[in-house]
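Report on the following structure.
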């Protein structure tokens, strides 16, 4: 909705990535020692939020 007062939220969100790709090995995220995943919500309205996680890849090869 235009003019809804969310301009600051949209500008802040545009400065950060809205999606990321993280490799997974043996069921664990491959992050560096100083890396972490955080979720930031810039909208100050109270309400339900959804986070969508999509896991893409190949099945492990059978030995």
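Residue numbers (the numbering used here): 523 to 585.
No residue lacks a Cβ here, since even glycine has one placed at the ideal position from N, Cα and C.
Residue 551 is bridged by DSSP to 546.
Just measuring C-alpha positions, the residue of 562, 567, 577 and 570 sitting nearest residue 534 is 562. Cβ atoms of residue 552 and residue 560 stay farther apart than 8 Å, at about 17 Å. Excluding the 5 residues flanking it on each side, residue 531 has same chain C-beta neighbours closer than 7 Å at 564 and 565, in chain order. Non-local beta-carbon contacts of residue 549 in its own chain, meaning distances under 6 Å to residues more than five positions away in sequence, are absent.
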